[in-house]
Amino acid sequence: MSARLDAAERLLALVIALSHTTHRMTKGQIRAGVAGYADARSDESFERMFERDKDTLRSLGVPLVTLTDPTHEDDVGYRIDTTAYALPAVDFTPAEVGVLSLAARVWQDSRLSAQAQRGLTKLRATSASAQALEPALALRVRGPDAAFDELLEAIMARQAVQFDYRAANTGTVARRTVEPWRLFAKDRGWYLVGFDRDRDAQRRFRLSRIAGRVHREGPAGVVVIPGPEAGGDQTPRTRVRVAVLPERAAALRVRATAPAQPDPEGSREVLEVEAADPELIAEELAGYGEAVVVLDPPQVREAVLRRLRAIAHVHPGQDGGPRAG
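Heads up, the sequence shown is in our numbering, so the first residue is 4 and it goes up one at a time.
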């Protein structure tokens, strides 16, 4: 590291010194004791450097106080008013703690897991709400898929990628060359939005359908990423009708497109939800057990039945599993 400090390091050293001085620091003390100011080649150079730094700190809102000795008016010193500079205590409501904790858990399967867990540890150490609420939380969102890190790096490098992709409707796998734009989470899964060069159109790809590794293609810096409006959801939605036991399946009820209606054939309530991926909603519905019965569409009902048959094969003779109607 160079012996000379850059402006940012010098400013930080000045803030630390003026925040911890017991009374004040004169210019002479600052020049002799604060890292970076000894680099000044002359008194005039130091004066210009120090005046620029004072103006910068004040423009950033740092409360820099000028103090004059009552008997020697030319003896000027400086300090930072820590009472005006200190931030107030940070606290969160239980709802805010819940959102932060759930957001951190999204990264539990990625290389950001350590940073997220450190953040949660600090949150629990400083917030009584976090200590009381966090153990009861449960996340129904999957962490990022294996392709996430490579795609994120490609987006940052503005570089095209190639990968093998399994189509949702046919199950066939084909090589795709894509200019990646952005990643987002939706419907308990992660998606890539980008420009498909082979189809000459914008497309959205579910990361869990990427087979194998993602490879960079071509030089970096060539992909032009459009504004957020280009990443809108253009995938057709599937409307799913389910019959739900009273006071069960709260996550489905929150996403319902209309108020629940009584089921004329029983004591359940009929809900309608929308999903971008029939297989994914089937996976979720099968997990509710007997609380949920799928009414339609047939493709979702069949997808749930396929999962129930697999469960019955592994655990023969067990009753009470979810039904598909």
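Note that beta-carbon positions come from the ideal geometry of N, C-alpha and C, so glycine has one too.
In this text, all values refer to a predicted model and were calculated from it rather than measured experimentally.
So residue i and residue j are in contact, right, with Cβ under 8 Å, and what is the actual spacing, rounded?
i, j, result
"V276", "T260", "7 Å"
"A163", "E250", "Contact doesn't hold; Cβ gap of about 50 Å is too wide."
"A171", "D299", "Rounded, the Cβ-Cβ distance is 19 Å, inconsistent with contact."
"K183", "G197", "Strictly speaking, residue 183 in this sequence is Pro, with Lys absent from that position. Indeed they touch by this definition, with Cβ atoms about 4 Å apart."
"A306", "E282", "6 Å"
"R209", "G192", "6 Å"
"V296", "V303", "Contact flag wrong, Cβ pair sits at about 12 Å."
"L2", "D56", "For the chain, the structure presents residues 4 to 328; residue 2 sits outside this window and is missing."
"Y194", "R207", "5 Å"
"A214", "D167", "4 Å"
"Y81", "T69", "6 Å"
Could you give the first and the last residue of the continuous alpha helix (DSSP H) run that contains residue i?
i, result
"I284", "281-289"
"V225", "That residue, V225, is in no alpha helix (DSSP H); it is neither H nor E in DSSP."
"L255", "253-258"
"H23", "10-23"
Can you look up residue i in the DSSP assignment and give me helix, strand or coil?
i, result
"T85", "helix"
"L298", "strand"
"R207", "strand"
"A263", "coil"
"A306", "helix"
"G122", "helix"
"L136", "Note on L136: pLDDT 47, under 50, position unreliable in the model; no value is reported."
"A43", "coil"
"H26", "coil"
"G80", "strand"
"G64", "coil"
"I269", "The amino acid at residue 269 is misidentified as Ile; the sequence shows Gly. Three-state DSSP puts G269 in coil, outside helix and strand."
"A214", "strand"
For the beta strand (DSSP E) that contains residue i, what are its first and last residues?
i, result
"L67", "67-71"
"V276", "272-278"
"R244", "241-247"
Kindly indicate if chain C contains any beta-carbon less than 8 Å away from that of residue i.
i, result
"R161", "Chain labels in this structure do not include chain C; a single protein chain is all it has."
What ranges does the alpha helix (DSSP H) occupy inside the stretch 138-205, keeping only unbroken runs of at least 4 residues that lie completely in it?
151-160
If contact is defined by three or more beta carbon pairs under 8 Å, each pair taking one atom from either stretch, is the stretch 32-50 in contact with the stretch 58-66?
no
Is the stretch 211-226 in contact with the stretch 252-270, if contact means three or more CB pairs nearer than 8 Å?
no
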